[in-house]
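J.:
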Amino acid sequence: MAQNRFPEDLIKLKQQQIRTFNRLALQPATGTAELRSELTRLFCLIGSHPHWKSEPLTGRARSDLHHQAVAAPGGEPELVVEYRDGEFTVRPPAPRLPSP
């Protein structure tokens with residue numbers, strides 16, 4: 011994945027989407043409608059961003075955007091989802107160690 015492949019505003023939108031998704035996953039019973047509405051809004055803003063006029067919006071591009079957003083300053087790692095005894099559990103990831 012190339013560095014700076016995506017414009018900064020698109021990366022910020024993706025980071026906001028990740029944070030919103032994480033809040034919804036960790037607290038599914040509180041504020042569900044509001045968070046779902048915000049996720050839909052962010053999904054539409056990301057999908058209609060002018061960047062996609064010069065680069066096709068493929069699954070690979072979405073994945074690259076996600077990884078770049080997580081790695082960029084202010085990014086959040088994905089939640090840890092585990093399946094045990096027929097139940098899914100969601101928890102925050104372990105804190106990141108500072109880079110040397």
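Going from the sequence shown to my numbering is simple: count from 1 and add 10. Where is the CB? At the ideal position from N, CA and C, for every residue including glycine.
1. Quick check: the stretch 19-26 against the stretch 51-68, are at least 3 beta-carbon pairs closer than 8 Å?
2. Go ahead and label Gln-37 buried or exposed: buried means 16 or more other beta carbons lie within 10 angstroms of its beta carbon, across all protein chains shown.
3. Answer yes or no: do Leu-89 and Ala-35 have a C-beta to C-beta separation smaller than 8 Å?
4. Report all residues from its chain with a CB closer than 6 Å to the CB of Ile-28; omit the five preceding and five following residues, and keep chain order.
5. Using three-state DSSP, classify Glu-86 as helix, strand or coil.
6. What do you get for Thr-30, buried or exposed, if any count of 16 or more other CB atoms within 10 angstroms of its CB means buried?
7. Restricting to Cα atoms, I'd like to know which of Glu-44, Leu-45, Gln-25 and Ala-39 is closest to Ile-56.
T.: Quick answer:
1. yes
2. In the sequence shown, the residue the question calls residue 37 occupies position 27. Label assigned to Gln-37: exposed.
3. Stepping through the sequence shown from its first residue, residue 89 is reached at position 79. Stepping through the sequence shown from its first residue, residue 35 is reached at position 25. Yes, the pair counts as a contact, with Cβ atoms nearer than the cut-off.
4. Working through the sequence shown from its first residue, we reach residue 28 at position 18. Excluding positions up to five away in sequence, the list reads Glu-86.
5. What you label residue 86 is simply residue 76 of the sequence shown in a count that begins at 1. Glu-86: coil per DSSP, three-state reduction.
6. Indexing the sequence shown from 1 puts residue 30 at position 20. Classification for Thr-30: buried.
7. Position 46 of the sequence shown, counting from 1, holds the residue named residue 56. When each option's Cα is compared against that of Ile-56, the closest is Gln-25.
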